[in-house]
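Report on the following structure.
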Amino acid sequence: MTSKSKTPAQTPLLEVRNLQTGFKIDKQYYNAVEGVSFTIDRKQIVGIVGESGCGKSVMSLSIMHLLPKGIGKVRGGEILFEGTDIVGYNEKKMNNIRGKDISMIFQEPMTSLNPVFTIGFQIAEVLLNHQDITKSEARAKAVTLLKNVGIPRADQIVNEYPHQLSGGMRQRVMIAMAIACQPKLLIADEPTTALDVTVQAQILDLLKNIQEVNDMSIMLITHDLGVVAEICDVVLVMYAGKIVERATVEDLFEYPQHPYTQLLMEAIPKMEEEKERLATIEGLVPSVKDMPEVGCRFANRCPKAMPECMQITPQLEDTKGGHEVACLLYEESWPREERVGAR
Amino acid sequence: MTTKELAEKGKPGQERENLLEVKNLKTYYPIHGGFFKRVVGNVKAVDDISFTIKKGETMGLVGESGCGKSTTGRTILRLIKPTGGQIIFDGEDITKISGTRLRKARQDFQMVFQDPYASLNPMQMVGDIISEPIKNFERRDKKELEEFVKSLLVRVGLPETAYYKYAHEFSGGQRQRIGIARALALNPKLIIADEPVSALDVSVQSQVLNLLKDLQEEFDLTYLFIAHDLSVVKHMSDTIGVMYLGNLVEVASNKDLYSEPLHPYTQALISAIPEPDPKLRKERIVLQGDVPSPANPPTGCPFHTRCPMAQEICSQEKPPLKEVRPGHHVACVLY
Ligand SMILES: Nc1ncnc2c1ncn2[C@@H]1O[C@H](COP(=O)(O)OP(=O)(O)OP(=O)(O)O)[C@@H](O)[C@H]1O
Ligand SMILES: Nc1ncnc2c1ncn2[C@@H]1O[C@H](COP(=O)(O)OP(=O)(O)OP(=O)(O)O)[C@@H](O)[C@H]1O
Ligand code: SF4
Ligand code: SF4
Ligand SMILES: [Mg+2]
Ligand SMILES: [Mg+2]
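Quick mapping for you: the protein sequence lines, in order, are chains A and B. According to UniProt numbering, the residues represented by the first sequence are 1 to 343, in order. According to UniProt numbering, the residues represented by the second sequence are 1 to 335, in order.
Below is the structure:
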């Protein structure tokens, strides 16, 4: 299931290579995503975590070609979907992919549901866009989809409008729309952040279920490490537009290596442990306009920073068995004691 | 709180007195309808809850969106008129007081809000934001007041120069510190913190939580800490109350509630929390359906429509909150 079992002959479902996405601010481009590379295999759930503003959404919008027009732009790199680079795809070609091969769900379902159309109409529309079926077939399928995502009274709810539903039900409708054409990849940007925990548990169960039944891959963006631990196979930790650590979920939680990851984990109160004080990370994520040109982007907040951290830009490197870290503490040339000191 | 913990707080063996007693508190919002905008029903946002908070301790309130946490907080502060019940603050019944007496009592309790963006006027100078409540209550020398406000800013971890800046120039976490400084300005006894960290990133959340703990120790503050995140509430509280549809369904010490949740809703709530540890992936109790509307709550036990343990009697009689073990209260027929 994870990259270990992948044979070299198999192309990954999604491969992002050296992605650079910038925003035009005062006539100049600044990169919000800077040289990000990763792969998502078939049936894999990849979690993406990091503080607000570190580029998680921009990365997913880049893949979907949904960046704000005229402001945001992929400025370099490749996005290979089943081996084909889709960066240069025009709107028509992307329309064929969106909803059919790759779907996306957002944090706030109301932003993606149209308030003036019934639920049934909106799901049917997705189906009619991509499949050669009649209107009544599409409608019948919409009811089935709603049932599959656990909506009670599905045959009545198809005729209702988004505002008549609770937050959890709306998110289910979003999921029904997103999986209508059985996409190979679902990008879920904070799908449960706006929901109560008991509803979140329902939605996570549902996502996991669909993923298994449909053999789908999921790119799950969240700031909640609990959600990551719960359902992901692999985790990417982002900081200031870059990936700073990549590992299987077990390795990441057992041996977090990047100082940023370690602090994130110690900053959250955990149910099973008593602790007077929580770890903090002083300072803020630098804004896209004042990213340091060279050196580690975390250096001004890192409790383990060394003088060279300001001069050498750490690269994401394999430390052991696929656990990748971008931190000078783990550079091969660095003395061993230091590495031990970093856990 | 155990005697050991009390001893550590420098008050060996001494039972702390109650600072706040809430008895059978009810707050209903009228629903207006029809041609004459008559009251056609009530949202029973808080429906007969009782609890006490001891001086210097923290009571946490958890529960899902709409269960009445904020309404409870706002009613205690007398920002909303209670429909019934009693609020006894520091020995004085404040349920019905008004005018000067209410104004005076209000110095002693302050609120910290969830949204640091919405609760501060972005165009007001931070110094003015914090001194405003002081000016409302007492006359002070201008210079002295400024010095005092600056010392508050420093105490919550902001530079003195923040005094001259505007709220919009600060990040979310910094604004929350400004909100806390404002709450401290009148040297209150009770602070009601309503989701004070829900809008913040984890790294900033931990700073604010640490600060609230430090201030509690330093000023012997009492907190009512409201949040929907049970792990945050557990970290902060001595006692925890679990709310469901306007009712308190369980009240217990922090430790008992987590190690031995009794109410089926509390059990489901705890089991729904995703633990940040992949080795703990567990079989969850996944509740079916949504929370019913408080305008039309179920008869009997408010949880019976979703309760996996529900029995015939549950839809008929509302179980009262009773103490089933020392300090552990639960409202459920199973106990
Ligand atoms: N339309 C835009 N114009 C200019 N800058 C933008 C725009 N959208 C995003 N950015 C910047 O890009 C960076 C990354 O933003 P992004 O939305 O990807 O963060 P995120 O990791 O998804 O955060 P969150 O957890 O808050 O959703 C931020 O610094 C943000 O200010
Ligand atoms: N001013 C109001 N008028 C009418 N109904 C209200 C009003 N304020 C709150 N309510 C209703 O009272 C109930 C309790 O609301 P309250 O805001 O106290 O819940 P809460 O537990 O704080 O929820 P959240 O976690 O979403 O903040 C809800 O059903 C809400 O819709
Ligand atoms: S490279 Fe240096 S500054 Fe960056 S995370 Fe590692 S130790 Fe900290
Ligand atoms: S009283 Fe009945 S319905 Fe209510 S929590 Fe207990 S068992 Fe469940
Ligand atoms: Mg985002
Ligand atoms: Mg509230």
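For every residue, glycine included, the Cβ atom is placed at its ideal position computed from N, Cα and C. Note that the structure is predicted; figures quoted are calculated from it, not measured.
### Query
Say the cut is 7 Å; is the CB of Ser198 of chain B nearer than that to a heavy atom of ligand 5?
Numbered from its first residue, the second sequence carries residue 198 of chain B at position 198. If you check the C-beta of Ser198 of chain B against ligand 5, you find no heavy atom less than 7 Å away.
### Query
Straight-line CA distance for Met123 of chain B to Val149 of chain B?
Within the second sequence, the letter at position 123 stands for residue 123 of chain B. Within the second sequence, the letter at position 149 stands for residue 149 of chain B. Looking at the two C-alpha atoms, the distance is approximately 18 Å.
### Message
Strictly below 7 Å CB to CB, what residues from chain A border Ala268 of chain B?
### Response
Position 268 of the second sequence, counted from the first residue, corresponds to residue 268 of chain B. For Ala268 of chain B, the neighbours in chain A by C-beta distance under 7 Å run, in chain order, Thr198.
### Query
At a Cβ cut of 9 Å, what residues of the segment 207-238 of chain A count as close to chain B, listed as they run along the chain?
His223, Asp224, Leu225, Gly226, Val227, Val228, Ala229, Glu230, Ile231, Cys232
### Query
What is the residue span of the alpha helix (DSSP H) that Lys135 of chain B lies within?
The residue given as residue 135 of chain B occupies position 135 in the second sequence. Where Lys135 of chain B is concerned, the enclosing alpha helix (DSSP H) stretches over 126-137.
### Query
If you draw a straight line from the C-alpha of Ala331 of chain B to the C-alpha of His263 of chain B, how long is it?
Counting from 1 along the second sequence, the entry for residue 331 of chain B is found at position 331. Counting from 1 along the second sequence, the entry for residue 263 of chain B is found at position 263. About 7 Å.
### Query
Whose C-beta lies closer than 7 Å to the C-beta of Lys141 of chain A among residues of the same chain, with five residues either side of it excluded?
To locate residue 141 of chain A, count along the first sequence from 1; it is residue 141. Only Leu127 meet the Cβ criterion.
### DSSP-derived helix/strand/coil call for residue 351 of chain B
Because chain B here runs from 1 to 335, residue 351 of chain B falls outside it and cannot be looked at.
### Query
Closer than 7 Å: is that where the CB of Ala272 of chain B sits relative to any heavy atom of ligand 3?
Reading the second sequence from its first residue, position 272 is the one you call residue 272 of chain B. Because no heavy atom of ligand 3 lies under 7 Å away, the Cβ of Ala272 of chain B does not count as near it: no.
### Query
Just how far apart, CA to CA, sit Gly179 of chain B and Pro159 of chain B?
Locating residue 179 of chain B in the second sequence gives position 179, counting from the first residue. Locating residue 159 of chain B in the second sequence gives position 159, counting from the first residue. Their backbone Cα atoms lie some 15 Å apart in a straight line.
### Query
Can you round the beta-carbon distance between Ile240 of chain B and Ser70 of chain B to whole angstroms, since I take them to be within the 8 Å contact cut?
One-based indexing of the second sequence puts residue 240 of chain B at position 240. One-based indexing of the second sequence puts residue 70 of chain B at position 70. So it is not a contact: roughly 17 Å between Cβ atoms.
### Message
Which residues of the segment 151-179 of chain A have a Cβ closer than 9 Å to any Cβ of chain B? Give them in chain order.
### Response
Pro152, Ser166, Gly167, Gly168, Met169
### Query
At a CB-CB cut-off below 7 Å, which residues of chain A make contact with Ser206 of chain B?
In the second sequence, residue 206 of chain B corresponds to position 206, counting from 1. In chain order: Ala267, Leu278, Ala279, Thr280.
### Query
How about Met59 of chain A: is its C-beta nearer than 8 Å to some C-beta of chain B?
For the purposes of this step, residue 59 of chain A is identified with residue 59 of the first sequence, where counting begins at 1. So no, Met59 of chain A is outside the interface.
### Query
Quick one: is Arg182 of chain B near chain A, going by C-beta distance under 8 Å?
As a first step, residue 182 of chain B is located in the second sequence; it is residue number 182 there, counting from the start. For Arg182 of chain B, the answer is no, since every Cβ of chain A falls outside 8 Å of its Cβ.
### Task
Spell out the partners DSSP gives Thr248 of chain A in its beta bridges.
For this step, residue 248 of chain A is matched to residue 248 along the first sequence. Paired residues: A:Val234.
### Message
Just to confirm my understanding: we take Val333 of chain B, look at its own chain, exclude 5 residues before and 5 after, and list those with CB closer than 8 Å. What are they?
### Response
As a working note, residue 333 of chain B is residue 333 in the second sequence. Excluding residues within five positions, the ones whose Cβ falls inside 8 Å are Cys301, Gln311, Ile313, Cys314, Glu317, Pro319.
### Query
beta strand (DSSP E) containing Ala272 of chain B: first to last residue?
For this step, residue 272 of chain B is matched to residue 272 along the second sequence. Premise fails: Ala272 of chain B lies in the alpha helix (DSSP H), 264-272, not in any beta strand (DSSP E).
### Query
Between the segment 284-299 of chain B and chain A, which residues of the former have a C-beta closer than 7 Å to a C-beta of the latter?
So the list reads Arg284, Val286, Leu287, Asp290, given in the order they occur along the chain.
### Task
Report whether the distance from the Cβ of Ser57 of chain A to the nearest heavy atom of ligand 5 is below 7 Å.
By 1-based counting over the first sequence, the position of residue 57 of chain A is 57. Yes, the beta carbon of Ser57 of chain A sits closer than 7 Å to at least one heavy atom of ligand 5.
### Query
With 16 as the cutoff for other CB atoms within 10 Å, does Ile175 of chain A come out buried or exposed?
Reading the first sequence from its first residue, position 175 is the one you call residue 175 of chain A. That one is buried.
### Near-chain B residues of the segment 241-255 of chain A - C-beta to any C-beta below 7 Å
Val249, Glu250, Phe253
### Query
Comparing the CB of Tyr258 of chain B with every heavy atom of ligand 3, is any distance shorter than 7 Å?
Here residue 258 of chain B refers to the residue found at position 258 when the second sequence is read from its first residue. Tyr258 of chain B: no, Cβ never under 7 Å from ligand 3.
### Message
By the three-class DSSP mapping on this structure, what secondary structure does Ala188 of chain A have?
### Response
The sequence position of residue 188 of chain A within the first sequence is 188, counting from 1. Three-state result, Ala188 of chain A: strand.
### Proximal chain B residues relative to Ser52 of chain A, where beta-carbon distance stays under 7 Å
For the purposes of this step, residue 52 of chain A is taken as residue 52 along the first sequence, with counting starting at 1. Within chain B, the residues near Ser52 of chain A are Asp201.
#### Entry: Pairwise C-alpha distance: Glu138 of chain B and Leu152 of chain B
The residue labelled residue 152 of chain B in the question sits at position 152 within the second sequence. The residue labelled residue 138 of chain B in the question sits at position 138 within the second sequence. About 17 Å.
### Task
Please determine, among B:Asn296, B:Ser98, B:Pro308, the residue with the shortest C-alpha to C-alpha distance to Asn42 of chain B.
The residue given as residue 42 of chain B occupies position 42 in the second sequence. Answer by Cα proximity: B:Asn296.
### Message
Measuring CB atoms only, is the segment 181-197 of chain B touching the segment 216-230 of chain B, in the sense that at least three cross pairs come out at less than 8 Å?
### Response
yes
### Message
Which of the three DSSP states is assigned to Glu162 of chain B in this structure?
### Response
Here the question's residue 162 of chain B lines up with position 162 in the second sequence. What sits at residue 162 of chain B in the sequence shown is Ala, not Glu. Helix at Ala162 of chain B.
### Query
Given 8 Å as the limit, is there contact between the segment 233-251 of chain B and the segment 55-62 of chain B, that is, 3 or more CB pairs closer than that?
With a cut-off of 8 Å on Cβ pairs, the segment 233-251 of chain B is in contact with the segment 55-62 of chain B, counting three or more such pairs.
### Message
I need the DSSP call for Glu283 of chain B, collapsed to helix, strand or coil.
### Response
One-based indexing of the second sequence puts residue 283 of chain B at position 283. If DSSP states are grouped into helix, strand and coil, Glu283 of chain B belongs with coil.
### Query
Looking at C-beta atoms only, is the number of pairs between the segment 9-25 of chain A and the segment 72-80 of chain A that lie closer than 8 Å three or more?
yes
### Query
Should Ser119 of chain B be listed as close to ligand 6, given that the test is whether its C-beta is under 7 Å from any heavy atom?
Counting from one through the second sequence, the residue named residue 119 of chain B turns up at place 119. Ser119 of chain B: no, Cβ never under 7 Å from ligand 6.
### Query
How many Å lie between Lys135 of chain A and Thr144 of chain A at the Cα?
Here residue 135 of chain A corresponds to residue number 135 of the first sequence, with the count starting at 1. Here residue 144 of chain A corresponds to residue number 144 of the first sequence, with the count starting at 1. Approximately 14 Å between the Cα atoms of the pair.
### Task
Could you spell out where the beta strand (DSSP E) holding Arg332 of chain A opens and where it closes?
Here residue 332 of chain A corresponds to residue number 332 of the first sequence, with the count starting at 1. Correcting the residue identity first, residue 332 of chain A is Glu in this sequence and not Arg. Premise fails: Glu332 of chain A is in no beta strand (DSSP E) and is neither H nor E.
### Query
Does ligand 5 have a heavy atom nearer than 7 Å to the CB of Asp189 of chain A?
Against the first sequence, residue 189 of chain A aligns to sequence position 189. Correct: Asp189 of chain A has its Cβ closer than 7 Å to ligand 5.
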